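Asks:
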Amino acid sequence: MSLNLSTKAKKTWCPGCTNFAILAAFQKAVTEMIEGGEVEKHNIATISGIGCGSKITDYLNMNTFTSLHGRELPTMTGVKAANPDLMVFGFTGDGSTYDEGVAHLVHAARRNSDINLFVHDNQLFALTTGQATPTSPKGFKGRSTPSGSIEEPMNPLLTVLSLGATFVARTDALDIENTKKIMQEAARHKGFSFVDIVQPCVTLFDTREDYKDKLYQLDGSHPTDDLAAAMKKVQERGDKIPLGVFYKVKGPTFEEQLLQ
Ligand SMILES: Cc1ncc(C[n+]2csc(CCOP(=O)(O)OP(=O)(O)O)c2C)c(N)n1
Ligand code: SF4
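The numbering of the sequence shown is the numbering used here, which starts it at 129 and goes up by one.
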């Protein structure tokens, strides 16, 4: 019987929402891993919180848990610690992860729990109709910043690198094939895998045109085991924005040490 990873729940995303692409990439990623014998479906756990992107767990026919806004990471850490056999994936928004839940991001990065975090980074709080988040660009006009945001955006990749994250990547939601591959690489990495997904919000902040000529894939010349090189590369955010795996190193996981 063929694998059905979709539920019958009605999808309430806007027409053309890039969350559809992220859902497709994840379903392809895990379908291949299940069919290839890397993981059994009952050993996958997907965790989300509250937000447009977090609705993804409603549409996944597998073990899912909807936690609180900004509290996805401690839920994921708890699930993995209680049952290390599970492959744990989290789907969160930039508001949830870099604002309300940022303290949890700090500790997840330094703890190196073997969990995989996918941040749907549309640079605003979308479900609540468009307030600025820590990744909104300076000058962003939204409901909470009608005259334009006066704050410099944070660089989440640089933040997690500085805290000891062992897998740091960025991908483009609209590139389903490469997002699928990054999700699989994250899943195979033993330790905290952090993936920031560049995600235009077609209704409230449509950045598709802006990103079109800026996004480019890292080539093989980028060394993924060099922290200084990774920190330098993730700071490239002007006319060109690199995508791919910036950093990947081995380190003892939280669960390995916990079980000793
Ligand atoms: C602790 C807490 N603060 C605020 C909210 C209200 N809230 C629910 S969804 C949401 C916006 C979500 O934005 P984001 O995490 O960026 O995800 P997106 O909707 O953009 O995918 C907010 C502010 C909440 N539910 N709980
Ligand atoms: S508001 Fe944006 S992120 Fe939310 S469903 Fe609509 S297009 Fe998608």
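Ideal Cβ positions, reconstructed from N, Cα and C, are used throughout, including at glycine.
Since the model is a prediction, treat every value here as computed from it, not as a measurement.
For Asn132, does the count of other Cβ atoms within 10 angstroms reach 16, so buried, or fall short, so exposed?
Replies: Position 4 of the sequence shown, counting from 1, holds the residue named residue 132. Label assigned to Asn132: exposed.
Asks: Could you name the residues of the same chain whose beta carbon sits closer than 6 Å to that of Phe217, not counting the 5 residues immediately before and after it, in chain order?
Replies: Counting from one through the sequence shown, the residue named residue 217 turns up at place 89. Correct list, in chain order: Thr174, Asn244.
Asks: If you measure from each CB to the nearest heavy atom of ligand 2 and keep those under 6 Å, what residues do you get, in chain order?
Replies: Trp141, Cys142, Cys145, Asn147, Cys180, Asn250, Ala254, Cys329, Val330, Thr331, Leu332
Asks: If you draw a straight line from the alpha carbon of Lys136 to that of Pro212, how long is it in whole angstroms?
Replies: What you label residue 136 is simply residue 8 of the sequence shown in a count that begins at 1. What you label residue 212 is simply residue 84 of the sequence shown in a count that begins at 1. C-alpha separation (whole angstroms): 30 Å.
Asks: Under 7 Å between the Cβ atoms of Glu228 and Gly198?
Replies: In the sequence shown, the residue the question calls residue 228 occupies position 100. In the sequence shown, the residue the question calls residue 198 occupies position 70. A contact, by the Cβ cut-off of 7 Å.
Asks: Starting from the Cα of Gln385, find the closest Cα among Cys145, Asn240, Phe268 and give me that residue.
Replies: Residue mapping note: residue 385 aligns to position 257 of the sequence shown, counting from 1. With distances taken between Cα atoms, Gln385 lies closest to Asn240.
Asks: Less than 6 Å between the CB of Ile243 and some heavy atom of ligand 1, yes or no?
Replies: On the sequence shown, residue 243 is found 115 positions in, with the first residue counted as 1. Not under cutoff, so the answer is no.
Asks: Check whether the segment 247-263 and the segment 327-334 touch, using three or more Cβ-Cβ pairs below 8 Å as the test.
Replies: yes
Asks: Can you tell which of Gln388, Gly165, Pro370, Ala301 has its C-alpha closest to the C-alpha of Gly181?
Replies: Counted from its first residue, the sequence shown places residue 181 at position 53. Minimum Cα distance to Gly181 is reached at Ala301.
Asks: Rounded to whole angstroms, what is the Cα-Cα separation between Ile150 and Gln327?
Replies: One-based indexing of the sequence shown puts residue 150 at position 22. One-based indexing of the sequence shown puts residue 327 at position 199. Straight-line Cα distance between these residues: approximately 9 Å.
Asks: Any heavy atom of ligand 1 within a distance shorter than 6 Å of the CB on Thr256?
Replies: Position 128 of the sequence shown, counted from the start, is the residue given in the question as residue 256. At least one heavy atom of ligand 1 is nearer than 6 Å to the Cβ of Thr256, so yes.
Asks: Hey, is His232 close to ligand 1, as in C-beta under 6 Å from one of its heavy atoms?
Replies: If you number the sequence shown from 1, residue 232 lands on position 104. For ligand 1, not one heavy atom lies less than 6 Å from the Cβ of His232.
Asks: Please state if the CB of Pro281 and the CB of Thr263 are separated by a distance shorter than 7 Å.
Replies: Residue mapping note: residue 263 aligns to position 135 of the sequence shown, counting from 1. Residue mapping note: residue 281 aligns to position 153 of the sequence shown, counting from 1. With a cutoff of 7 Å on beta-carbon distance, Thr263 and Pro281 are scored as near each other.
Asks: Going by alpha carbons, who is nearest to Phe219 out of His317, Thr159, Met311?
Replies: Sequence index remark: in the sequence shown, residue 219 carries index 91 (1-based). Nearest option by C-alpha distance: Met311.
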